[in-house]
Amino acid sequence: MQAAALRSALKGHIEAAHHVWLKQSLDNAHLDDTTSRERYPLYPLQVHVDKPLIASGLTGVDQLVIPSTLLTHVETVQGCLVNLPTQTRHAALLYTPQAPDGIEFRLFSDFVRSLASDGMIDYYKDRCRIKARRTLSFLLRDMQQGKANKPPVIPKAFISDFADTCFNRPLERRLRDVEETTTGRNDMLARLIRVSVEIIATALTLPFPPASFAVGSLLSLHDSGQAVAALTEGDQQRAATYMLSALFNGIGAGSDLLVGIKGFGGVLHRLERGHQSPPVLRSFQRQSSLPRYEDLYPVELQEQVFLIGKPNAHGHAAVFHAPHVASAPPMATGQFALREAAGAWQPLLPPPNAVARVPSGLRTDLAVDVSLDNVPRITDGHAKGVYALSGKNYIRLSDRTFEVQYDAHLRCWQIIDPANPFAFFGKQPVRLNDQDQWLVVDRRLRGGGLDAPGSYRPLPEGAAAGSLDMLIDYEMPSTMRAHLDIVISKEVFDPTGAGLEVYFETYFTEIRQTFTAFREKLYQDAQAFFARFSAPPRPALPAYGLPGKVETLIEHIFTHSNGLVFSEAPRSVASKRLLLLNMPLLAEQRVEVLYIEHLLTDKHLRKLARYRQLGKKSRSGSHELKYYLHDVNRGALNNSSSEYDYYHLIKEAHRHGIEVRPFSSSISYPFFGHPVLAAADDPAAASKMSNFFGHRLISQDIAPGSSKRWVALLDQKLATTHDQVPGIAEMQGVVSVHVQDIPAGRPTRISEGTNGSHQNTPTRCDFTIAFADPALPGVPLPPATPVDDMLIRELRGSVAEGEHWAGQYGFVHGENTTWLRVPPEEWNADSPMTAIQQSLADATYEMPLDTRTTLHTLANFERKGLDMEYFFEDINLDTVRNTFAQRRKNLQKDAATIRSAQLPPRPTLPAIEPQTSPAGLLETLYRHTEGVVIGESHFSVSSKKLIIDNLPLLARQNVKTLYMEHLLTDLHQADLDRFFETGQMSKTLLHDLKILDRGHHTDPDKVYNFEQLIIKARQYGLEVRAIDCASSYHLKGIAREESITRQQMMNYFASRTIRRHQDVMGSHKWIALVGNSHSNTYQGVVPGIAELQGGIGLRVIDVAPGKSTGVVPDPGELVTGGITNEQVYIKGDYRVAMEVSRPESARLLSIDQRLFKPGMFLVQQGEGDLQTIVHRARDTWIHRTPVQRNAEGKLYLERVRWPRIHLKPFDDMDALVAALEAMNLTHIA
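Here the sequence shown is numbered in the numbering used here, starting from 6 and rising by one per residue.
This is how it looks when you write it as C-alpha cells:
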C-alpha cells in the first residue's frame, strides 16, 4: 500500500498533501491499539444493496427500493479500503489494488465516477461473495447510469485489527463461498427432514380447520419468501415454482376461513371499480401566456417601435417589446394602446402636450441647463461619448445638454425627461457616429405596415441594427442559456426518461452549433486583436522596503493604480485565503469590483446580483454557484478546502459591499471537450480567447480615467504574459501580484518579481506573496546550521520577520541584484551525476561524494578541522579527515613531479602598445592563443573588472570557459553546474563565495568581486569551472611543507583539470583567474598554468588614478609571500596596470569583515582602560567578552566556555593574548 501511495502521488492521481498524511496512516496501520486506530482509521468498502429485485429481470419491480432489513443487506468489497484523515481537512481516499483503470488510490467520492471505466464494475463485484455477484453487477450498472442508488458511505465502525482483515477475512470469505455454493450431506438431510415435517403436519391437521389454516399459512409464507429469494438471484423458474406452491398453500388455508371472509370479495370489487390505474406516462405541454409572432405587428408609439397584439373587447391592445434576437419570445411591457379614429395608435395614457422640435426630430424641451465644461468624456466602452456627472449621464447634441439613460434591452442610449426619468414612453434613442457626434436615431418600423397586421413577419436577426454592446457577439443568445449546462457537459438529454434522447437531441443540435460558431468567431477576433495590440504604459511600482506586510503592499499599489490583478495556481488555497482575510482592507481601499475568472457573464450575472443585494442578510450563498464551481471542468477548481474557496470568497465580498463580476463568458471560458477547430495548432488559443474577452469586459465596465477600483483573481497564465500572449495586468496597465502557497506555519513573505524556482509560476509578475495554506503540512525543518546563520546575517535585508532558514534550500538572483530564497519544498534534491560530470571527475584526488558535506563542515566550522595534529572524538569526522589527509598526501607527492614536466610550446607573444585598451588587449591575445591566464592579488578589483567589463567581448570571441582558483571541484563544481544551467545557487556555494570575498577584502562596493564574477559569467554564457580541490586548497598542517608546496599542488591539479575538461568537451578558448604566483613560472621552479597549458599570462595590478602605465611586458616584482613574510619574485608575460579608486575609508573594515572565520579574535579598545575581547565562535556569531581587573590589578576574563582561562589572572594584555593563542585562536591585530 505504501508503494501504491507513492505511485499514485507520482502519477498525479492524488495530491502531494494527500500523500503526506496517507503515508503517516500507512506507517501506523499495523498498530491495533485504540488510540492509533482512532487517529489513523481504516474502513472497509461496503455497498448497500437496497434493490434486492434488481437482478430479477422483471420490469417494474427491478427498481423497487425495499427498506426492510430482511431483504436489504451490505456487501463488503474484499481488499478495498477507505483511508480517512483525522488530522487534516482532506477528503477520504479509496484504495483499489490492481484496478483495471490503473488507479490505486483515488478520492472516495469518485467511486461512482470510477464505474464508467472499463472493467471496474466486474472488479468490484468479483471481490464480493459469489452468491451476491449477479445482484451487484446489476446494482453497480444501475448506479453508473445515475439512477437512485445510494453510493457507498463510510461505515460507523473502523477496522480494529488490520492484520485480521488482511489475513483472516479472505480465508473466511472463501469458506463462506464454499458453504453458499455447494450442497453437503448435512444440507441434504436437513432438506429431507423439512419436507417430511411439511407432509406429516399437513396430513395431521386436515381434520382440524384452525390448525390446518395455521400450517397452510406458514407454508405459504415460507414459499413466498423462497420465491423472493429466487427472484433476487434471477432464477425465475425456481421463483415460479415457489410462487405456485405458495398459491396452493394459500388457497388451502383460505378454504379453512371461508366463513370468516364472506364479503371480502365484494369489497375487492368495489375497490376495483373505484380506483382505475393511472397511465405510466402522462403527456404534457407547457402553455405560454405570450402570443405568437403571427398575432403581433409593429406600431410606433410616441416615436418608439413596439409590437401590439389583438385588441380586446374594449379596443385595448397589449404592448410588447420586440426582442433583440429573432428566435426569442416577445416581452410584455404591461402597457396598452388604443387606436384613434384617424387610425393612429396611441398609448393608453393622457395625451402629451405639443412640444418644440428641430428638423431632426430632437425634442428641445428635454434639454437641461447643466454645464459640461471641464468634465471629461468617457472614451471607451458602451458609454463612449457620455459625460458622467453627479451620478447622472449627459450628452451634448445640437449645442444643448440632455440627460440620457442606457436601455439594456435595446442596447442604446436614450434622451429622457429629467422631470419624469422613469416614464415608459417619450424617450428618444440616440447614437454616436464615426465622428464622435451624437445623432437622433430614426426609428423606422421593421416587418410590415400599420394597416396590415396579418402580413407581419419578423426580419432575420442579421437585419437588425448593429449592436452597441461590445460583448453580445461573445455570449450565448438569451434564448439558449437555459440549456447551457447540457451544451457544456455534452450529456444526452431526456427529461422524460422514456428513451426520447434522439428527439431532444434534434432540438439541441442548433444550440450546440451556435455555441461552436460563437467560439470560432471569438478566436478569430482575438487573433486579429492581438496582432495589432500595443500595451499601455506600465504603472509605477510602490517603492518601499521589502519584505513588508500585505496590507502595506495593497495600500501602496492603490496609491499608484486603480486596478490590481492577483494570479494563482488553479487549486490554490492561499490566494482565496489572502483575499478573504483582507476583504475589509479592500473595502477600506474603496475597491468596488472583484472579477473572478471562472464565473460567466451569460450564466451567473443575475444570481450574483441577487446575492449582492442580500449582502450581510444572507448567511449562505448561492448553492447553484457552489455546485458549479465544484464541478466545472471535472472538478479542476476543487482545492479540498471547506473555508477558502471561490464560494466563500463570493460570500465575503458581498458582505463587504464589493460587487463580484464574472471575467468570462460561456464562449470564452476554456471548458474541457470544446476545442476550437481553427486553433488546433495554437497552444495559446485558450489564453487569447479568455484575455481578449476579459480585457473588453473590464474596459467596458471601467472607463478610462475612472476612479473605480477593481481587483481580479485570475489563473497565473492569464494574469501576466504567457506563451507570448499579454496578460490582463499588461493589457490594463495595472500591477500584478502572484500568490504562492506555502505550508502552514511559515511566515508570509513578499518579494519583488517572481519568487522561488520559477517552476510553479510560469509567468513574470510584479510581486510575489508567499502565503500559508493551513491544510498544507509543513515538513519539520532540522536545526539551523552555521551556514544558515551566516546567510541570514548576510542577507538580512531580504529576510521576513520570523522566517527560519534551515534544511536544503537555495537561491535565485533577482532583478534588483538581491538573492531570492527558494524554500525547501521547492528546492529540488541533488540529482545524480551526469555522464559528462562523471567523465570530468578526478577520483584520484577529489573527495568521495558521501564525505563532502562533512568535509565542508571540517573546512569551515571546525577549528583546525583539517589539521591532522588535532584529535576528534566524533568518529565520522575523524574518518573523513583521514580520507582527506591520504588524498592530500598523494597529491603532494605527485605534484612534486611538476618541476620536470614536459611543457607544450609557448605561443608567440605579440608586441602590444602600452595604451592598448583591455578589450584590444584580449582581442590581440586570442589571435595568438586559446587560453589567457589572469594573475591577481586576490583583493584586487582590476583583475575582476578586466573580466567582468569584457564579458561581452569574450562571448563574441567564442570564449567558452572561465577557470577559477578558490573554487573546489569536489565541493563546488556540481553547484556551479546547477547555477549555470538553472540559475539556482545552493546555500553552500553562496556561503563560500561570500566568505571568499570577505576573507580577501575584495571590492567594498561589491561590484567587482568573486560573487559578481560568477553571476555575470553565466549571463554571458561562460561556464565557470573549478580548478582547485580540497586536497590542493586546504594545506594547514600538511607535512613537509615548503614555500612552493601550494604552487606545486594547485598548478599540478589545475593543469590536470583544464586538460581533462578540454579533452572531454572539445578544445575551445578559455580564460583563467588565479593568484599571481600561479599564472606563470614561480621562483623559476614551478611552471605556471600559462606554461603548462600553452597560454599567455597577464599580471593585473591596481594602481591609483593617474598612475597607470598601461600594458607592458612584465618586468617582475618582489612581493610578500602568502605563507611567510619573505619577499618572492613574481613575473608574468604582461603586466596590466588598471586605475582603481579605493578611498582610505573603504580599507577600514568592520569587525564582521575582519573576523571572517571562526577562531579569529581581536582586542577592542574602549573608553579609558576598558578593553574587550571580540571573537567569532564556531556558531559563526560574533561574541564580546569584557576584560576585567581584580583587586590586585591583574586582568581576567569571565567566560565559562573557556575553562582554561576562565577567571584566571594575567599580568598584562600580552599574557592574555598569548593564552588565547595557546587555545588555537588566531589574533587579528
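Just so it is clear, CB atoms sit at the ideal spot from N, CA and C, and this is done for glycine as well.
DSSP, read as helix, strand or coil, puts residue 163 in coil. DSSP places residue 890 in the uninterrupted alpha helix (DSSP H) bounded by 880-900.
Residue 644 sits in coil when the DSSP states are folded into three classes, being neither helix nor strand. Straight across, the Cα-Cα distance linking residue 811 with residue 926 is about 47 Å. Just so you know, the alpha carbons of residue 91 and residue 127 end up roughly 32 Å apart. Beyond the five residues adjoining it in sequence on each side, residue 313 comes within less than 6 Å, by CB distance, of 304, 322, 324 and 342 in the same chain, given in chain order. Spanning the alpha carbons of residue 55 and residue 629 requires a straight line of approximately 30 Å.
According to DSSP, residue 1139 shares a beta bridge with 1103 and 1118. Judged by beta-carbon spacing, residue 97 lies beyond the 8 Å limit of residue 82, meaning their Cβ atoms are not closer than that value. Residue 1019 and residue 1040 do not touch by the CB rule: their CB atoms are close to 24 Å apart, not below 8 Å. Check the Cα spacing between residue 720 and each of 106, 742 and 702: the tightest is with 742. The segment 723-732 makes contact with the segment 687-696; the number of CB pairs closer than 8 Å reaches 3 or more.
Here the C-alpha atom of residue 18 lies approximately 43 Å from the C-alpha atom of residue 233. By the C-beta criterion, the segment 982-995 is judged not to be in contact with the segment 936-954, since fewer than 3 inter-stretch pairs fall below 8 Å.
Rounded to whole angstroms, residue 722 and residue 732 show a C-alpha spacing of 7 Å.
Straight across, the Cα-Cα distance linking residue 28 with residue 672 is about 43 Å. By the Cβ-count criterion, residue 57 is buried, with 16 or more other Cβ atoms from all chains shown falling within 10 Å of its own Cβ. If only uninterrupted alpha helix (DSSP H) runs of at least 4 residues are considered, those enclosed by the segment 661-729 are 690-706 and 721-724. For residue 180, the number of other beta carbons within 10 angstroms of its own is below 16, and it is reported as exposed. Secondary structure note for residue 84: its beta strand (DSSP E) is the uninterrupted segment 78-88.
Cα atoms of residue 558 and residue 508: separation of roughly 58 Å, rounded to the nearest angstrom.
The residue among 318, 319, 345 and 317 with its C-alpha nearest the C-alpha of residue 306 is 345. By the Cβ test, the segment 826-846 is not in contact with the segment 999-1012, since fewer than three Cβ pairs between them sit closer than 8 Å. Scanning the segment 1000-1049 for uninterrupted beta strand (DSSP E) segments of 3 residues or longer gives 1028-1033, listed from N- to C-terminal end. If the five residues before and after residue 669 are omitted, its C-beta is found closer than 8 Å to the C-beta atoms of 602, 603, 604, 605, 606, 695, 698 and 699, all from its own chain and listed in chain order.
The beta carbon of residue 1087 sits closer than 6 Å to the beta carbons of 1052 from its chain, once the five residues preceding and following it are set aside; these are given in chain order. Here DSSP, grouped into helix, strand and coil, assigns residue 233 to helix. Contact annotation: residue 903 and residue 1057 have beta-carbon atoms nearer than 8 Å. Excluding sequence positions up to five before and after residue 1214, its CB lies within less than 8 Å of the CB of 1195, 1197, 1199, 1200 and 1201, all in the same chain and listed in chain order.
Closest in C-alpha terms to residue 869, from the list 965, 886 and 857, comes 886. Shortest Cα-Cα distance from residue 404 to any of 253, 863, 376 and 1231 involves 376. For the segment 574-625, the continuous beta strand (DSSP E) assignments of 3+ residues that do not extend past its boundaries occur at 596-605, in sequence order.
When DSSP reads this structure, residue 336 sits in a beta bridge with 326.
Between residue 50 and residue 34, the C-beta spacing is not below 8 Å. For the pair residue 223 and residue 255, the Cα-to-Cα distance works out to about 9 Å. Ranked by Cα distance from residue 681, the first of 1006, 519 and 6 is 519.
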